[in-house]
Amino acid sequence: MEGEKVNVRLTRHHKNIIFATVLLLPSIALLALTIISPLIKSVLMSFTDYSLLSPDKHWNGFANYTELLRSSEFYHSLRVTLVYVVITVILDLMLGMALAVVLNRNIKFRGFFRSIIMIPWAIPTIVTALIFMWIYQGDYGVLNYTLVHLGMIDANINWLRTMSVALPSIIVVAVFRQTPLVSVMLLAGLQGISGSLYEAARIDGASSWRIFTNITLPMLKPVISSVTLIMIVNNFQMFTLFFTLTNGGPAGSTTSLAIMTYFTAFSKYEMGKASAIGVIWLVLLFAFSMIFTRLTNRDDR
1 MEGEKVNVRL TRHHKNIIFA TVLLLPSIAL LALTIISPLI KSVLMSFTDY SLLSPDKHWN
61 GFANYTELLR SSEFYHSLRV TLVYVVITVI LDLMLGMALA VVLNRNIKFR GFFRSIIMIP
121 WAIPTIVTAL IFMWIYQGDY GVLNYTLVHL GMIDANINWL RTMSVALPSI IVVAVFRQTP
181 LVSVMLLAGL QGISGSLYEA ARIDGASSWR IFTNITLPML KPVISSVTLI MIVNNFQMFT
241 LFFTLTNGGP AGSTTSLAIM TYFTAFSKYE MGKASAIGVI WLVLLFAFSM IFTRLTNRDD
301 R
């Protein structure tokens, strides 16, 4: 009937959906502006010969990818990144687990140690890198001073300018900063394990090692999987430590994918090629995350 008003009533469920959408819109817009839009732009740019030295930009298909996959420099950077990630994550997990087990026990000043353990993680990465630059300094660094006086080395070592020790030196800094976070996350998992399981195992005469391998590790498996994935992703995209400590040197021995991308974009001004490195980097991380998640989920069934 003409002129009759239609009374539309929204249920509580629909009102909640509308309210949640309104609240999420600013975050979605910010996410699209800062992540999704640049990501799409980078993918499209990777198929061009765009350079900061030339205003022209032409579509060149997969030429950038072909050049990269034939480049020994790319595979060297990938190898450096993988070596760094694998060693760093393994050391993070081993040391973090040891710290978590100790802090989970009833030791003296446990609360104090739990409160200060996160200090290395709370310090900004750039500050940690600058502190270790002074520690590693070849002429008057405290590390050389200590090792020489202990008789462990005969002469000073330029830790960040010697090819054989530059990457291990960066790994030490990364482990120093990241281990506290790993230990806190594992400690949270340990506190979720029922004490009755340990009591029953001790009554049965199980040793500490058997308790750790048969109770602690299986119960911590979901936490360990999550921590491992987080650490791998974080370390795979590590830039600050490499750039501040060695800047990819000496002789490219610490040139990771992040450093290679930076130099390609802002030293060689090849933005298209740099975008292609970023896309390959993203695909590798995404593929690994999917495979890792699928394998861990399958093992949990």
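At position 37 of the sequence shown the residue is numbered 37 (the UniProt record's numbering), and the sequence of numbers has no breaks. Each residue gets a CB set at the ideal place from its N, CA and C atoms; glycine is no exception.
Cα-Cα separation between residue i and residue j, rounded to whole angstroms
i    : j    : result
T81  : T216 : 31 Å
I17  : G195 : 42 Å
I87  : F239 : 17 Å
M1   : T293 : With a pLDDT of only 46 at M1, under the threshold of 50, the placement of this residue in the model should not be trusted; the figure read from the coordinates follows. So the alpha carbons of these two residues sit roughly 59 Å apart.
V101 : L190 : 8 Å
F236 : M152 : 33 Å
I224 : L282 : 23 Å
V227 : L93  : 8 Å
I90  : F113 : 23 Å
M185 : G111 : 16 Å
A98  : N104 : 10 Å
L95  : T128 : 19 Å
F109 : I116 : 11 Å
I123 : V182 : 15 Å
I40  : N60  : 17 Å
T11  : D49  : 54 Å
L68  : F74  : 6 Å
D56  : I126 : 36 Å
L78  : F62  : 20 Å
G138 : V43  : 42 Å
W209 : L229 : 26 Å
Sequence-distant residues of the same chain with beta carbon closer than 7 Å to residue i, five excluded per side
i    : result
F242 : I170, G248, T254, S256, A258, I259
A201 : I211, I215
Y136 : L143, W159, L160, S169
Three-state secondary structure assigned by DSSP to residue i
i    : result
T125 : helix
S77  : helix
S267 : coil
A20  : helix
K108 : coil
M1   : Residue confidence for M1 is low, a pLDDT of 46 falling below 50, so the modelled location carries little weight and cannot support an answer.
Q178 : helix
V184 : helix
Y140 : coil
F286 : helix
A29  : helix
G249 : coil
Beta-bridge partners of residue i, as assigned by DSSP
i   : result
T48 : W59
S54 : S51
Residues near residue i in its chain [Cβ-Cβ closer than 8 Å; skip 5 each side]
i    : result
A206 : N214
M133 : L160, T244, L245
H76  : G252, T255
W233 : According to the sequence provided, residue 233 is Val. The question's Trp does not apply to it. L285, S289, listed in sequence order.
T261 : A274, I277, G278, W281
V173 : T128, A129, F132, L241, L245
P120 : T128, F176, R177, T179, P180
heavy atom of the ligand COA below 7 Å from residue i C-beta
i    : result
V283 : You won't find the ligand COA in this model; it holds no ligand whatsoever.
Burial state of residue i, where buried means 16 or more other Cβ atoms lie within 10 Å
i    : result
M290 : exposed
E270 : buried
T179 : buried
R298 : exposed
S267 : exposed
Y84  : buried
S72  : exposed
A155 : exposed
G192 : exposed
Y157 : First, the residue type needs correcting, since residue 157 is Ile and not Tyr in the sequence shown. The residue in question, I157, is buried, as its Cβ has 16 or more Cβ neighbours within 10 Å.
Own chain partners of residue i with C-beta closer than 6 Å, once the 5 adjacent residues on each side are dropped
i    : result
T65  : A small correction: the amino acid at residue 65 is Tyr; Thr does not occupy that position in the sequence shown. Here the set comprises A276.
K273 : N64, T264
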